[in-house]
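Numbering (my numbering), first residue to last: 1405 to 1812.
Note that CB positions come from ideal geometry on N, CA and C, so glycine has one too.
To keep things clear, I will list the structure first and then write my remarks on it.
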């Protein structure tokens, strides 16, 4: 069998399969190969969303959807007007996969299993005659007068058009740099904060709404915050890590956060409330029950930090104690020393420089027969199905352009 194809897709993940399938469906008879370096395809799809695959998010307005991308917000506005979350839902429905929406907007297959998505892709690809080659670690891609030569560890391939969909793979960025494509240095995104502090050390599992800011920066988020055995996590922290990916890397993950555990209140308002409690709750022990919408374990820890004893009554609280408690509640500072990966979400900020990509077609501005899809470019999102939506949108747009170019 000839190793020449109309299209070679490097990367057997979400973006690669989606692009290949859309090309094959819109141009029957097109010879397409997917090259996967591992021994199985769609590995990240399989483990994503705790094995359920968070396919997309129920945000159907392109202008609102782009707000979930710390890198790529401006560039994705046009693409999302071409193919948005609603189009993703329709596409999967047409391919026999029904999706459901959860309370937080995340969308999963009705089956609750990522295998549904994996099977959809692999069976559709097989039916369309797409060739899938495993164990093909690409060493070089070489531009020709017309098309490309691709060298892997074991084989050589050639093609008229080439799609790179290798995600956050540093080796592939090196390969692209060799042919003159500038790469934005990768740093982690979507991570949790490591912190050892007596105020939170024994509060594993406590979750509450909070406002969190990185001291000395403009980084600030409000939302659910979860205390873990290694520090703090939850949507507010993950969003902060995504928006601050580069700044926090520069700080080598050593920084101070300030937390307002009462995000709807200011320091002054909280202090005034605490002073009222001296008379309103005079006979009650301060530590007995939180008078705010705050978990009791956290309240007990913050009051201890402010100098209250177990039996201290509100009426006996000193001015100093109330000032310190207001600080603990609204301006609680924690020293962060390091980060941890969030579950299996290996998301990276960095990749192909956005200025090098034509987002109407996902073509390289340097090589018109070279395309990109997914996280290989410097686009990343917060958690919630948004990174997959970028894979589907960029794959759809690349496929459309590839088919049009083939027809010329």
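For residue 1566, the enclosing beta strand (DSSP E) starts and ends at 1560–1568. Segment contact: the region 1466–1486 against the region 1784–1791, three or more CB-CB distances shorter than 8 Å; contact assigned. Straight-line measurement puts the Cα of residue 1699 at about 16 Å from the Cα of residue 1709.
DSSP lists 1510 as the beta-bridge partner residues of residue 1461.
The beta carbons of residue 1572 and residue 1755 sit about 7 Å from each other, so the pair counts as a contact at 8 Å.
The C-beta distance from residue 1663 to residue 1736 rounds to 5 Å, short enough to meet the 8 Å contact threshold. Taken in chain order, the region 1578–1606 contains no complete alpha helix (DSSP H) segment of 4 residues or longer. Bounds of any alpha helix (DSSP H) do not take in residue 1614; it lies within the beta strand (DSSP E) bounded by 1611–1618. For residue 1736, the enclosing beta strand (DSSP E) covers residues 1736–1741. For residue 1768, the CB contacts under 6 Å within the same chain, skipping 5 residues up- and downstream, are 1774 in chain order. Distance between residue 1495 and residue 1797, taken at the CA atoms: about 11 Å.
Judged by DSSP in its simplified three-state form, residue 1808 adopts helix. Within a 10 Å sphere around the beta-carbon of residue 1505 sit fewer than 16 other beta-carbons, which makes this residue exposed. As a beta-bridge residue in DSSP terms, residue 1664 pairs with 1615.
Cβ-Cβ distances below 7 Å link residue 1682 to 1718, 1719, 1721 in the same chain, with the five nearest sequence neighbours on each side left out; the list follows chain order. One Cα belongs to residue 1413, the other to residue 1542, and the distance between them is close to 11 Å. Annotated three-state conformation of residue 1628 is strand, per DSSP. Between the C-alpha atoms of residue 1599 and residue 1616 there is a straight-line separation of about 14 Å. By the Cβ criterion, the region 1573–1582 is not in contact with the region 1672–1681, since fewer than three pairs of Cβ atoms, one from each stretch, lie closer than 8 Å. Residue range 1552–1556 is occupied by the beta strand (DSSP E) that includes residue 1555. Here residue 1640 is actually not in contact with residue 1419; their C-beta atoms are around 29 Å apart, not less than 8 Å.
Your pair residue 1760 and residue 1586 checks out as a contact, with CB atoms roughly 6 Å apart and the cut at 8 Å.
A Cβ-Cβ distance of about 25 Å is found for the pair residue 1591 and residue 1416, leaving them out of contact under the 8 Å criterion. In this structure residue 1452 is in contact with residue 1518, their Cβ atoms being roughly 6 Å apart against a cut-off of 8 Å.
No Cβ-Cβ contact shorter than 8 Å links residue 1409 with residue 1441. Here the alpha carbon of residue 1802 sits roughly 48 Å from the alpha carbon of residue 1734.
Counting along the chain, residue 1754 sits inside no alpha helix (DSSP H); it lies in the beta strand (DSSP E) bounded by residues 1751–1756. In this structure, residue 1799 places its C-beta atom within 8 Å of the C-beta atom of residue 1422. In this structure, residue 1439 and residue 1561 form a Cβ contact; the two beta carbons are roughly 7 Å apart against a cut-off of 8 Å. The residue among 1530, 1606, 1538 with its C-alpha nearest the C-alpha of residue 1424 is 1530. Annotation for residue 1635: the continuous beta strand (DSSP E) segment containing it runs 1635–1637. Non-local beta-carbon contacts of residue 1763 in its own chain, meaning distances under 8 Å to residues more than five positions away in sequence, involve 1479, 1480, 1482, 1483, 1801 in chain order. In this model, residue 1667 and residue 1627 are separated by some 9 Å (Cα to Cα).
Here DSSP, grouped into helix, strand and coil, assigns residue 1746 to coil.
DSSP places residue 1522 within a helical segment (H, G or I) once states are collapsed to three.
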